[in-house]
Structures are given as structure tokens and as C-alpha cells.
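Asker: Line by line, the protein sequences give chains A and B.
Per the numbering used here, the very first residue in the first sequence carries number 7; after that it's consecutive.
Per the numbering used here, the very first residue in the second sequence carries number 12; after that it's consecutive.
Using N, Cα and C, we set each Cβ at its ideal position, and we do this for glycine too.
As the structure is a prediction and not an experimental result, all values here were calculated from the model.
Below is one structure. I have some questions about it.
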Amino acid sequence: MSTPPPPPDSVHSEEFLRSLMRRQLNLSVACAATFLVVLLGLPLLNYFAPAFMATRVAGFTLSWLVLGVLFFPFVWIISWRFIRRSIALEEAEVKSVKR
Amino acid sequence: MMTTLAFLNGVDPWIFTFSLITVVGTVWMGFRSAKTSKTASDFFVAGRSVSVGWNASAISGEYLSAASFMGVAGMVMSVGYDALWYPVCYACGYLFLLLFIAGPLRRFGAYTIPDFAEGRFDSPVFRKIAVCFVLFIGFFYTMPQMKGAGTVLAYIFKSVDLRGGVLEFLAPHNAAGQALVGFPYWAGVVLVGAVITLNVALGGMKGITLVQAVQYWIKAFAISVPIFVLMAVFGFYNGQLGANGANATGGPTVERKALVEKAPTDTAWIAPFGPLTTKAVTAAAAKLPAAERAAFLAEYQRPYSLVYTYSLIMALVCGTAGLPHILVRFYTNPDGVAAKRTTMWVMILIGVFYVFPPMFGALGRNFMPELYLGVGAKGTDKVVLELPTLLGPKYGVLGSILSGITCAGAFAAFMSTFSGLLVSMTGALAHDVYGRMLRPNATPAQRLTAFKVSAVIIGGLAIFLGSKVEALEINFMVGQAFAIAAASYFPLLFMSVWWRGMTMKGAAAGMLGGGLLALLAVALTSISDVAAAGAKKISDAGMLSSYWENHSLAQSLGEAWVHHPLLRILCEQPAIWAVPLAIILMVIVSKATSSSVPADIRMKMLVLHAPEKLGLKQEYIQEHQVGAGH
């Protein structure tokens, strides 16, 4: 493996690290928040609106349908969006340094 | 030939053949890929060159254990809706791993989690603590896999008669010393343990990657094909659920068998806050005078079960993101972006898998209610293996073939999870204990030998422990491993990746405080559970329960749970307090010892978070190569 050229000094600056971590963490936290609202909200719905969550949808109760089937694709969508945006973010960071 | 195989009389030939193919295929693949494993890097991290597709299949294969394959279906059948949190959170825990841990952890470029622990804090002491946790969580997680192997093999050969031949010593014996029909529990443990130990010793991480990846697809096939055939005959998922409950309108329903008395009622089964989350309060209410019972239940049952649900969710989500044998696989990715892509595919692969086990649970409730009469492996836990036999009377051999396929899937489940555990524990012993602590100057050849020797030692120990845990429940043991991982490794990784103020003392205090208190809490509940099982004579618990049955600690614990059901819930599911406790301890102790933050913390953080294209990773390794001897 060839040794890469030494990165310009701006990479080692405090500001670069701060903005790098802040941007990545913001993205992660935004995705995690979407996930947690649904994950932690579902027990609350079950608790405060049991009759509504017991509504039958083609044999399933609404609550079972959400947790047992629909939850998985929901998480896939979040992770797909996260990956796309996170890769775009990394590319933007590389560009900003190389410029 | 016929005479030597005569003892196989009464064993279903299809089940036998499919299971045999899985075991032999695993050994063959192990030998084949062992030829390509040569360097230490091959053995520890598969040369860091596993592609996204292979790695995602391998991680999924490793993650879907006996608990997932058999336990989830059994739990859904026995307690209903609340058990759905298990498959959902097992799959969704990976999202936390993806969002916060996967990329940075891979960029750091270590071999094992203890490597990361030492590198991040420049502290050899912390490596030792981390090694202990890897081994500890690993063994906790190994025992249920071994138990699964033992019970499934005993199930396949349940009608074997070994009496009167040279093999009589193998047959299980009753208390009076008489030989019985059947196959001993420990034989399965030894068989699976030996096969996997051989594979790992021969090929290391690179050798088992192929095996685990193939085993994912065996499992996915084995859980989905039989259930589709069964549903085509007996009615689909929605119809199965439609048959449960008084308001069963709005969809198709199926004709089902009458439930037995021990089964939960339709409403308790299909609605949230059922038997799993309410059992502590129900047990407490049963000890009250009849007049007070209804008021007590009305006041406490639902709020406490909400607490239980949240704590369970936390344990499973944070625990998944903190299991050492899963984390170590991320080091086999070529870079951080590949690590993230792998995680996304893992979520898709295991998410697809986890839709199916609850279907077995729902079908089992409607068509095999007699399983409610047994306990654990003799009851609902074997629904996945038994359900296909329902096809027998109508479709003859098809039922046997499908049953054989699910048995093969179960075998793949213990073998792949045990391989992963064995590699991560062997890595901890060979790389961290031998390579870093005992003989830091060992040659590459010595390191390879150390890996192989360690694999045999850990494999032997796992077989020994596995043969002793027949009495404990699979899901319960796995739950304990998750709770401990959630309160120790997850806070450690999360905080040390994102907070640069973290010190070694803070990390150690949080990890030990959270992890050990969670362990203590679950140990207390398991003591009283084992004692209760012994008192009711419901399980073949043997030594363990007869020891605790009349022990004063178990009795006073039993008393305490009755008077304080909330305490029981918080001890059984400790994540809701243990995870925040670990994080708070980390923050407080780190603040108090802020002078010992590593001097080059900015560089470490850059390596963790900056994209690889900037070339910082190579720079980091070169800096440290001189001193640490990578």
C-alpha cells in the first residue's frame, strides 16, 4: 500500500475536529430521534389507547401489525437514509480539506 | 452396516439426514476455507478484507442464535404480544450500532474490543478489565447455545434405544441407575462443541466467515419455507391472529383446536401487557386476601408492566450494540463506510428472518395447544421443530421433510453463534492475554499457535459448562447476557467514541458499576426462580434447584418479590436503571479525574471520526507501531 500524501494542516486543527464530530453526531441523533419516538411511543399508545390499538386490520390487531410486521421496513428506511447522508457528509468533508 | 445402525430404529430418517448434512457440511467448509487462512490477521480479523455481502450474511448468521431460531417462536406462543419486543429489538439494536458505533470503531483499526479499550485510554489495566468482560459475556452467551444443541439432539434421537448394547453407557439413566430409552443431553453439547472448536482452530475468523454466511441462508430457508407450506394448508398469519380474541372481526379466521387450561386467554395473549410483563404483580396479588386482589391488580398491574416493557426494550437495543462477539466482526470490514453498509444489510437480513418466528408462535397456539402443558424445551420452545409434523396425517412424508429442514436450521443456529463466540473469546485470550500481556514479543508463528491452543481451551471449557446447564432456560440466559452487555459495553463504546473528556477511571467505574450491578440483580432473580422451579418440581432442574430450594436467601428473596413487585421487575430487567447509572458514573468520575485525559486525544478523535480518504488511519498506526509492536 502506498503512503498517502501528508494531509494539510487544517485537518489537525481544533475547529475541523469540532465541526466534523458535530455534523456527524447531528445526523446520528436526528436518525436516532425518529427511531426512538416510534419505538418508545408504541408502548405509550398501547397504554393510553388500548381500544384503538386493538382495532382489527385484516385479522391483525393494529398493535401487532405495527410491531410484528411494519416496524422492520421502517427501520430499514431510517438506516438507508442515514447511510446515504453519512457518505455524502464524508465526501463533503474530504472535499473541504482538499480544497 | 445394518447391525451397527440398528440403534437408529425409530429415528425419523429425514430429520436425521438433514441434520447430518448440516454438521458434515460445516466441517467440510471449515476444512476447505482453513487452507486459505495463513497469517495472524487472517485468524483474528479475516485479513480485514471481507466484502459487504459476505460479512452481512456472516454477521446475521452469527447473531441468529438458538434463542432466535427456537426461543422467539416459543415465547410468542407462550406469552403472546409482549414477546414480539424480542425479535423487533434484536433487529433494531443494530440501528444504534450503525448510528453511533460501527464506523468509528472500525476506523480505529484494532483487532479486538480490549485493543480499542487500551488504545483509546492508553491504559493496559483497562485492557485487562475489558478482556474479563469479553470472556464473561461470551460464556454467558455460550451456555444457552450448548443447551440448545443438547436438547435438539436429544429430541431427534428421543426414541433411540441404546440399552443392552455396547453403547448402553451413553443412554440416559434414571435416579435408580437404570438405563432409559433416549439419547443423553451432553452428547449434543460435545458433538457441536467439538465440530466448531475444530473449525475455529483450523481456520480462525477467515475460516468461519464462509461457514457463518452459508448458515445464515440455511436458517433463513429453514424458517421461511416450512411456515409458508404450513400457512398454505392451515391459514395465513392474519387468519391465525384473527382466530384470537372476542372482537375477531375484520379479517379471515381459521378453525383452531381447543386451548388447554394452562394457555393464556385470547385477550391476554394478543393484547400488550400480557403474562410476561405482568407476572410479578400477578404473583404478588395471589398472596393477598381475595377481597383486596382486584383493587391491587387494578392499581399496579398496567403501570408496572409499562416499566417492564421499557426496561426490556432498553436491554435488548443497547445489549445488541454491546455484544463483544458481534462488535469484533466489524473489524473484518475493509473500512468505515463498508462497516456502515454491512450494518444496513445485516438489519435487512435479520429483519426478514425475524418476521417468521412469531408466525410459528401463532400457528402453534392454534394447532398445537398441547405444547402449553410442557415447560421450556419440553414445551413451547420446541414449536418450531414440532409444528411441521402437523402435515404428517394429510401429506405423509412432506411433514417429515419440513421437520428435518427446521432441525437443520436449529443446528445451523447453535453452530454459527458458537463459532462467533469462540472466535471472539479465543481472540481475547490469544491476542490480548497472550500476545499483549504475557508475551508481547512473540513471533507471528507463536501467535498463530497461541490462537489454536486458546481455541481448544475455550472450546473445552464451553463444552464443560454447557453440559452443566440443562436446567436453565435458553431465553433467560440470553437475556442475562444482553442485560450485562447493555450496562457495560454499550455505555463504554458510546461514550468513548463521542465524548473526548472520558478518562480511563471514568470508563472503568461506569462499566464495572453498571455491569456488575446488573449482573447481581439478574443473579438474584435467577436464584429465586431456580428455587421456585425446584419447589414446584416442574423442571428437571437437578442439583442447582435442590441446592437453592430450601436456602434461606432464596426464601427471603421470594418474600421480598411478593411484597415489592416493582423491585422484582427492576431486578429481572435491570437495563432501565443500569444503563443510565453506567453513563452517569462515567461522566462524574471522568470529570473528577479530568487531568488524566490522554494527551493526544484530539488525534484519537480525528482517527475515529475523520473519513479514511484523508489518510489519517495509516498515520495513526505508523505513529504507534514503533512503541507497541503491532
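List, in chain order, every chain C residue whose beta-carbon is nearer than 8 Å to that of A:Ala-38.
Answerer: Of the protein chains in the structure, A and B, none is chain C.
Asker: I'd like to check one pair, B:Leu-382 with B:Val-394: are the Cβ atoms closer than 8 Å?
Answerer: Taking 8 Å as the cut-off, the beta carbon of B:Val-394 is found closer than this to the beta carbon of B:Leu-382.
Asker: Taking all protein chains shown into account, decide if A:Arg-90 is buried (16 or more other Cβ within 10 angstroms of its Cβ) or exposed.
Answerer: exposed
Asker: Just mark B:Ile-474 as buried or exposed, buried being the case when its beta carbon has 16 or more other beta carbons within 10 Å.
Answerer: buried
Asker: What three-state label does DSSP hand B:Ile-549 in the structure shown?
Answerer: The predicted position of B:Ile-549 is uncertain, since its pLDDT is 46 and thus under 50; a value taken from the coordinates is nonetheless stated next. Coil at B:Ile-549, not helix or strand.
Asker: In three-state DSSP terms, what is A:Thr-61?
Answerer: coil
Asker: Can you check whether the C-beta of A:Val-43 is within less than 8 Å of a C-beta belonging to chain B?
Answerer: no
Asker: Going along the chain, which unbroken runs of the beta strand (DSSP E) with 3 or more residues stay wholly within the segment 309-336 of chain B?
Answerer: Counting only runs of 3 or more, we get nothing.
Asker: Name the chain A residues that come within less than 8 Å of B:Arg-613, Cβ to Cβ?
Answerer: Under the 8 Å cutoff, chain A gives His-18, Glu-20 and Leu-23.
Asker: How big is the Cα-Cα spacing for A:Val-63 and B:Gly-253?
Answerer: 9 Å
Asker: How far does the alpha helix (DSSP H) with A:Ala-98 in it reach, from first residue to last?
Answerer: 77-104
Asker: Please report the Cβ distance between B:Pro-155 and B:Val-363, rounded to the nearest whole angstrom; I am assuming they are in contact, meaning their Cβ atoms lie under 8 Å.
Answerer: Between B:Val-363 and B:Pro-155 the Cβ distance is about 23 Å, and since that is not below 8 Å, they are no contact.
Asker: Leaving out five residues before and five after A:Val-44 in sequence, what residues of the same chain have Cβ atoms less than 7 Å from its Cβ?
Answerer: Phe-80
Asker: Nearer than 7 Å: is that true of the beta carbon of B:Leu-472 relative to any heavy atom of the ligand SAM?
Answerer: Only the bare structure without any ligand can be found here, which leaves the ligand SAM out of the picture.
Asker: Just checking my contact of B:Met-370 with B:Ile-238 at CB under 8 Å: how many whole Å lie between their CB atoms?
Answerer: 5 Å
Asker: Measuring CA to CA, which of B:Cys-329, B:Phe-422, B:Val-271 and B:Ser-30 is closest to B:Leu-106?
Answerer: B:Cys-329
Asker: Starting from B:Arg-352, find everything on chain A with Cβ-Cβ shorter than 8 Å and list it in chain order.
Answerer: Simply Ile-89.
Asker: How many Å lie between B:Ala-326 and B:Ala-294 at the Cα?
Answerer: 23 Å
Asker: If you measure between the beta carbons of B:Phe-505 and B:Phe-111, is that distance less than 8 Å?
Answerer: yes
Asker: Only counting the same chain, and skipping five residues up and downstream in sequence, which positions put a Cβ closer than 8 Å to that of B:Ser-576?
Answerer: Per the sequence presented here, residue 576 of chain B reads as Pro, with Ser not at that position. Answer for B:Pro-576: Ala-291, Val-292, Ala-294, Ala-295, Tyr-311 and Tyr-315, listed in chain order.
Asker: Using only CA atoms, which one of B:Lys-405, B:Tyr-406, B:Asn-377 and B:Gly-372 lies nearest to B:Thr-391?
Answerer: Here the closest residue by C-alpha is B:Gly-372.
Asker: I'd like the span of the alpha helix (DSSP H) that includes B:Pro-237, first residue to last.
Answerer: 196-245
Asker: Can a CB atom of chain B be found closer than 8 Å to the CB of A:Phe-58?
Answerer: no
Asker: Classify A:Glu-96 as buried or exposed, calling it buried when 16 or more other Cβ atoms lie within 10 Å of its own Cβ.
Answerer: Buried: at least 16 other Cβ atoms inside 10 Å.
Asker: Around the C-beta of B:Thr-50, are 16 or more other C-beta atoms found within 10 angstroms, so that it is buried, or is it exposed?
Answerer: Exposed, because fewer than 16 other Cβ atoms sit within 10 Å of the Cβ of B:Thr-50.
Asker: Let me make sure I understand the geometry here. Which of B:Thr-47, B:Val-63 and B:Val-38 has the alpha-carbon closest to that of B:Pro-345?
Answerer: B:Val-63
Asker: Using the beta-carbon count (16 or more within 10 Å), is B:Val-271 buried or exposed?
Answerer: exposed
Asker: Considering Cα atoms alone, identify which of B:Phe-232, B:Ala-121 and B:Ile-124 is closest to B:Ala-424.
Answerer: It is B:Phe-232.
Asker: To the nearest angstrom, how far is the alpha carbon of B:Ala-552 from that of B:Met-513?
Answerer: Confidence in B:Ala-552 is poor, its pLDDT being 48 and thus under 50, which makes the residue's placement unreliable; the coordinate value appears in the next sentence. Rounded to whole angstroms, B:Ala-552 and B:Met-513 show a C-alpha spacing of 45 Å.
Asker: Given that B:Trp-509 touches chain A, what residues does it touch there, using C-beta distances under 8 Å?
Answerer: Met-27 and Leu-31
Asker: Identify which residue in B:Ile-469, B:Pro-451 and B:Met-448 has its Cα closest to the Cα of B:Met-436.
Answerer: The shortest CA-to-CA distance from B:Met-436 to any of B:Ile-469, B:Pro-451 and B:Met-448 is the one to B:Ile-469.
Asker: Contact criterion: CB-CB distance below 8 Å. Does B:Ala-102 meet it with respect to chain A?
Answerer: Judged by the 8 Å Cβ criterion, B:Ala-102 is in contact with chain A.
Asker: Measuring only the C-alpha atoms, how far is A:Leu-23 from A:Ser-34?
Answerer: 16 Å
Asker: What is the DSSP secondary structure of B:Thr-162, reduced to helix, strand or coil?
Answerer: helix
Asker: Give every residue of the same chain whose Cβ lies closer than 8 Å to the Cβ of B:Val-357, excluding the five residues on either side of it in the sequence, and list them in chain order.
Answerer: Taking C-beta separations shorter than 8 Å and ignoring five residues to either side along the sequence, the partners of B:Val-357 in its chain run Ala-67, Ile-70, Ser-71, Tyr-74 and Tyr-105, following chain order.
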